[in-house]
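J.: Let me begin by handing over the structure; questions about it come next.
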Amino acid sequence: MLKLTNYLQKESVALFDLPDKKSALTAMIDVITANNDLTARKADITSAIFEREAIMSTGIGRGIAVPHVRSDAVSTVRMAFGIFKKPIDYTSMDDKPVHIIVMLVVPKALHQEYLRILARIVLLLKNDNLKQQLLDCSAAGDAYNILSAY
789 MLKLTNYLQK ESVALFDLPD KKSALTAMID VITANNDLTA RKADITSAIF EREAIMSTGI
849 GRGIAVPHVR SDAVSTVRMA FGIFKKPIDY TSMDDKPVHI IVMLVVPKAL HQEYLRILAR
909 IVLLLKNDNL KQQLLDCSAA GDAYNILSAY
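What the sequence shown shows, in my numbering, is residues 789 to 938, in sequence order.
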């Protein structure tokens, strides 16, 4: 079974209190680049994420967004997990605000793995019990520990 924590570092899980989608995406990009030694590729990742978001919102509904891109800016799968205590307007498919954002940046060559990881993220976050446990966390480390059990 694919585990998100195979791709997610403890330092790449964060709790946020931000006002809007743009600041949320920017903060998530900061997390994914800072914790994965990708600061030199930050501009490339930022462009890719915002270009993808301009095509169609990655707010998939039920309070979840999964901004994702395949990019040559990375050589391995990179992931960040953000929990937003105050929900943000994300222009999601169901028009509901977002509490959880999972950002995924995958090398272009890893198409099948990319699809498997996306499917696992969606499947896990359909679990209302898991989602509530994550939203109840007061520390990012607690959220990581919960995710590591799945």
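Glycine included, every Cβ here is placed at the ideal spot set by N, Cα and C.
Report the option in T864, K874 and N917 whose CA atom is closest to the CA atom of P895.
T.: Minimum Cα distance to P895 is reached at T864.
J.: What are the boundary residues of the alpha helix (DSSP H) that includes R908?
T.: Unbroken alpha helix (DSSP H) run through R908: H899 to L913.
J.: Is the separation between the beta-carbon of V767 and that of S859 shorter than 8 Å?
T.: The structure shown does not extend to residue 767, since the chain is modelled only from 789 to 938, so the question has no answer here.
J.: Can you have a look at R904 and say buried or exposed, based on whether 16 or more other CB atoms are within 10 angstroms of its CB?
T.: Counting Cβ neighbours within 10 Å, R904 comes out exposed, since fewer than 16 surround it.
J.: Per the contact definition of three or more C-beta pairs closer than 8 Å, is the stretch 867-881 in contact with the stretch 804-815?
T.: Yes, they touch.
J.: Taking the alpha carbon of G849 as the point to measure from, which residue in K798, A937 and K919 has its own alpha carbon closest?
T.: Measuring from the Cα of G849, the nearest candidate turns out to be K919.
J.: Please say whether A931 and I852 have beta carbons closer to each other than 8 Å?
T.: Contact: no.
J.: Using 8 Å as the threshold, is the C-beta distance between L821 and I833 below it?
T.: For the record, residue 821 in the displayed sequence is Thr; it is not Leu. Yes, Cβ-Cβ distance for T821 and I833 is below 8 Å.
J.: Leaving out five residues on either side along the sequence, give the residues of the same chain with a beta carbon under 7 Å from the beta carbon of V857.
T.: So the list reads A836, I837, R840 and V893, once near-sequence residues are dropped.
J.: Looking at the strands, I want to know which residues DSSP matches up with F804.
T.: Answer is F872.
J.: What residue does the alpha helix (DSSP H) around L923 start on, and which one ends it?
T.: From DSSP, the alpha helix (DSSP H) with L923 extends over D916 to L923.
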